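Colleague: Sharing a structure here in structure tokens format.
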Amino acid sequence: MIELIKFELKKIFNNKLIYIAAIGISIFVLIYPFSRYSKFKETFNGREEIEVLAEKYISNEYTVEDINDIRQSAINKINNKGELSKDEEFLLYYSGDFIKVNKDIRTEGLKDIDNRLEELKNNGKEDTSDYESLLKEKEMLTNLDKQESLYLGDWNTVFDFNVAATMKLILLVVGLAGVFSEEYKSRVAYLNLSTKKGKTKLNAAKIISALIYGTLVFIFVSSLYHIGGFTLGLPNGNKSASYIFSSLYNMSINEYYIGTLVLSYLGTIAFSILIVLLSLLTKNILVSFGLPLAIFLLPDMLRLPATIMRFVYNINFTQLLRGKCIFGEYITFNLFGKIVAYPYVMTIVGIIALFIMLIIYNKVSKKQTII
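Using the working numbering, the first residue of the sequence shown is number 187, and each one after it goes up by one.
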């Protein structure tokens, strides 16, 4: 079995397109943070001066209005072809990525929830799941730490999960789309499928090698984004995730990042199995290459009524690959009379999808015949 797994992995990594795609993705992911850091170093003498400027403007000495006034002054200077000071250049071009000043999502959020609760109460809907969900949302919002001004460094870069999901999918389809279709171009299929034991081991080796490859793809892409995040550093990871996202989940930035990584890994594994399954069912490399991309992009392409679209978009295991959006918005579902938060629902959906695909793979692979 081990030799078969090695053989399958060797076939995957013999595909030169994987290396071309990996190099292209590396350049795409890293060129922006490193070119940006080069610009910082040229203008601000590196990370240290950026940190000093950030700390200066997140202090209590400056309000949002003060910063907006400085930005407006900088815009006026540009219009008059004047030269910007370092402070003006920092606040005009760079501060939005690195600091959040006086942003507190609780006040307006609680006011909105109270209004919606009152509306439901007036309509006699206090015993509904909507009312219960809003009460839970209010409790979560109340328990959030009060936000303060904060220097975030490169956390926004590290959290670019939407683009990272596309990068992972490209590497997955390039590496796995031909798992079965390429098999039938050689005598390997004949030799392995001629006996029941050979067929069982071959199919198991294929799925295990796909899982190993999917794991390597996940580590590779995630590492690229993490490397990009070290150009300005990743400070204050113990602070609330609501500093970066309007998230109601009471978790730190580090916990938020780890949570999205775990869900994204589950999505990567799910897509790895999906691609192998499609390759098994179709024996056509173009179909097994194109269908996963279509499935991934389909929710964004559909033009359905808002209610249906919301359901299709949310209850979709492709969202796991993106990861970040699962924690970003507070969504609940009524499952058997209980209010369940979106991250738990998506984890269940992902695990169920995995088991269903593995069951289908197992049943179909046992019925393979020599073509």
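Yeah, the Cβ is synthetic: ideal placement off N, Cα and C, and Gly gets one too. Everything numeric in this text was worked out from a predicted model, so none of it was measured.
So which of F416, L239, F276 and I394 has the shortest CA-CA distance to P219?
Modeller: Within the sequence shown, residue 219 is the residue found at index 33, counting from 1. Per the Cα distances, F416.
Colleague: I believe L336 touches N422 by the beta-carbon criterion, under 8 angstroms. Please report the beta-carbon distance rounded to the nearest angstrom.
Modeller: Position 150 of the sequence shown, counted from the first residue, corresponds to residue 336. Position 236 of the sequence shown, counted from the first residue, corresponds to residue 422. Correct: roughly 6 angstroms between the Cβ atoms.
Colleague: Which same chain residues end up closer than 6 angstroms to I198 when comparing Cβ atoms and leaving out the 5 residues on each side of it in sequence?
Modeller: For the purposes of this step, residue 198 is identified with residue 12 of the sequence shown, where counting begins at 1. Once the five neighbours on either side are set aside, the close Cβ partners of I198 are G361 and Y399.
Colleague: Taking S259 as the reference, give the member of K267, A207, V250 and E274 with the closest Cα.
Modeller: As a working mapping, residue 259 is identified with position 73 in the sequence shown. If we check each option's Cα against that of S259, E274 comes out closest.
Colleague: Enumerate in chain order the residues of its own chain whose CB-to-CB distance from T216 is below 7 angstroms, with the five nearest sequence positions on each side excluded.
Modeller: In the sequence shown, the residue the question calls residue 216 occupies position 30. In the sequence under discussion, the amino acid at residue 216 is Leu, which differs from the Thr named in the question. Here the set comprises L410, I413 and G414.
Colleague: Go through its chain and collect everything with a Cβ distance to Y451's Cβ below 6 angstroms, but skip five positions before and after it.
Modeller: The sequence position of residue 451 within the sequence shown is 265, counting from 1. Only F404 meet the Cβ criterion.
Colleague: N201 to F482, Cα distance in whole Å?
Modeller: Within the sequence shown, residue 201 is the residue found at index 15, counting from 1. Within the sequence shown, residue 482 is the residue found at index 296, counting from 1. Those two C-alpha atoms are separated by around 23 angstroms.
Colleague: Name the residue from G419, E325, T229 and N520 whose alpha carbon lies nearest to the alpha carbon of G339.
Modeller: To locate residue 339, count along the sequence shown from 1; it is residue 153. Looking at the Cα atoms, G419 is the closest of the given residues.
Colleague: Nearest-angstrom Cα distance between E235 and Y280?
Modeller: Within the sequence shown, the letter at position 49 stands for residue 235. Within the sequence shown, the letter at position 94 stands for residue 280. Straight-line Cα distance between these residues: approximately 12 angstroms.
Colleague: Among L466, A480 and I538, which has the Cα closest to the Cα of K553?
Modeller: Position 367 of the sequence shown, counting from 1, holds the residue named residue 553. Ranking the options by Cα distance to K553, first place goes to L466.
Colleague: One question on the structure: do M437 and F345 come within less than 9 angstroms of each other, judged by their Cβ atoms?
Modeller: Taking the first residue of the sequence shown as position 1, residue 437 is located at position 251. Taking the first residue of the sequence shown as position 1, residue 345 is located at position 159. Not closer than 9 angstroms, so no.
Colleague: Which one or two residues does DSSP pair with A527 in a beta bridge?
Modeller: In the sequence shown, the residue the question calls residue 527 occupies position 341. T518, per the DSSP bridge assignment.
Colleague: So L479 packs on L355, CB below 8 angstroms; how close in whole Å?
Modeller: As a working mapping, residue 479 is identified with position 293 in the sequence shown. As a working mapping, residue 355 is identified with position 169 in the sequence shown. About 7 angstroms; that satisfies the 8 angstroms criterion.
Colleague: DSSP three-state call for Y337: helix, strand or coil?
Modeller: To locate residue 337, count along the sequence shown from 1; it is residue 151. Y337 falls in the strand class under three-state DSSP.
Colleague: Which of the three DSSP states, helix, strand or coil, is assigned to S426?
Modeller: Taking the first residue of the sequence shown as position 1, residue 426 is located at position 240. Strand at S426.
Colleague: In this structure, does DSSP put S450 in helix, strand or coil?
Modeller: Start at 1 with the first residue of the sequence shown, and residue 450 comes out as number 264. Helix.
Colleague: Using CA coordinates, which residue listed in S319, L190 and V359 is at the minimum distance from L472?
Modeller: Residue numbering aside, residue 472 sits at position 286 when the sequence shown is read from its first letter. Taking only the C-alpha atoms, the option nearest L472 is V359.
Colleague: In whole angstroms, what separates the C-alpha of Y435 from that of L402?
Modeller: Against the sequence shown, residue 435 aligns to sequence position 249. Against the sequence shown, residue 402 aligns to sequence position 216. Rounded to whole angstroms, Y435 to L402 spans 30 angstroms at the Cα level.
Colleague: Name, in chain order, the residues that DSSP records as bridge partners for S465.
Modeller: Working through the sequence shown from its first residue, we reach residue 465 at position 279. Per DSSP, none; premise fails for S465.
Colleague: Let me know the secondary structure DSSP gives S281 once reduced to three states.
Modeller: Taking the first residue of the sequence shown as 1, we reach residue 281 at position 95. Reduced to three states, the DSSP call for S281 is helix.
Colleague: Excluding five sequence neighbours on each side, which residues of the same chain lie with their C-beta closer than 8 angstroms to the C-beta of M326?
Modeller: Within the sequence shown, residue 326 is the residue found at index 140, counting from 1. Excluding positions up to five away in sequence, the list reads L434, Y435, N436 and Y516.
Colleague: Between the Cα of L277 and the Cα atoms of V250, L449 and I537, which residue gives the shortest distance?
Modeller: The count along the sequence shown starts at 1 and reaches residue 277 at position 91. Nearest option by C-alpha distance: V250.
Colleague: Rounded to whole angstroms, what is the Cα-Cα separation between V531 and T229?
Modeller: Residue 531 sits at position 345 when you count from the first residue of the sequence shown. Residue 229 sits at position 43 when you count from the first residue of the sequence shown. When rounded, the distance between both Cα atoms is 47 angstroms.
Colleague: Are the CB atoms of Y442 and A427 within a distance shorter than 9 angstroms?
Modeller: Against the sequence shown, residue 427 aligns to sequence position 241. Against the sequence shown, residue 442 aligns to sequence position 256. Contact: yes.
Colleague: Relative to the C-alpha of F522, which candidate in K272, K263, R257 and S315 has its C-alpha closest?
Modeller: Taking the first residue of the sequence shown as 1, we reach residue 522 at position 336. For the residues K272, K263, R257 and S315, the minimum Cα distance to F522 belongs to S315.
Colleague: What is the rounded straight-line gap between the Cα of G310 and the Cα of K324?
Modeller: Within the sequence shown, residue 310 is the residue found at index 124, counting from 1. Within the sequence shown, residue 324 is the residue found at index 138, counting from 1. Taking the straight line from one Cα to the other gives about 19 angstroms.
Colleague: Return the residue from the list A363, L540 and K322 that minimises the CA-CA distance to F519.
Modeller: Taking the sequence shown and counting its residues from 1, one reaches residue 519 at position 333. Ranking A363, L540 and K322 by Cα distance to F519 puts K322 first.
Colleague: So, are the CB atoms of I459 and L357 less than 9 angstroms apart?
Modeller: As a working mapping, residue 459 is identified with position 273 in the sequence shown. As a working mapping, residue 357 is identified with position 171 in the sequence shown. The answer is no: Cβ separation not under 9 angstroms.
Colleague: Are T533 and L449 closer than 9 angstroms when you measure CB to CB?
Modeller: Taking the sequence shown and counting its residues from 1, one reaches residue 533 at position 347. Taking the sequence shown and counting its residues from 1, one reaches residue 449 at position 263. For T533 and L449, yes; Cβs fall inside 9 angstroms.
Colleague: For L463 and I546, which I take to be in contact (beta-carbon distance under 8 angstroms), what is that distance rounded to the nearest angstrom?
Modeller: As a working mapping, residue 463 is identified with position 277 in the sequence shown. As a working mapping, residue 546 is identified with position 360 in the sequence shown. That pair is a contact at about 6 angstroms.
Colleague: Determine the closest residue to G295 out of E305, N308 and L320, with distance taken between C-alpha atoms.
Modeller: Here residue 295 corresponds to residue number 109 of the sequence shown, with the count starting at 1. For G295, the nearest C-alpha among the options comes from L320.
Colleague: Going by CA-CA distance only, name the one from I542, I444, K192 and Y317 that's closest to K524.
Modeller: Taking the first residue of the sequence shown as position 1, residue 524 is located at position 338. Of the candidates I542, I444, K192 and Y317, the one whose C-alpha sits nearest the C-alpha of K524 is Y317.
Colleague: Taking K354 as part of the alpha helix (DSSP H), name the residues at either end of that continuous run.
Modeller: For the purposes of this step, residue 354 is taken as the residue at position 168 of the sequence shown. F347 to L362 is the extent of the alpha helix (DSSP H) around K354.
Colleague: Grab me the residues of S367's own chain with a C-beta within less than 7 angstroms of its C-beta, minus the 5 sequence neighbours each way, in chain order.
Modeller: Translated into the one-based positions of the sequence shown, residue 367 becomes position 181. The residues are S465, K469, N470, I471 and S474.
Colleague: Taking R508 as the reference, which of N548, L484 and L447 has the closest Cα?
Modeller: Within the sequence shown, the letter at position 322 stands for residue 508. Nearest option by C-alpha distance: L447.
Colleague: Can you grab the Cα-Cα spacing for the pair Y248 / I394, in whole Å?
Modeller: Residue numbering aside, residue 248 sits at position 62 when the sequence shown is read from its first letter. Residue numbering aside, residue 394 sits at position 208 when the sequence shown is read from its first letter. Roughly 56 angstroms separates the two Cα atoms.
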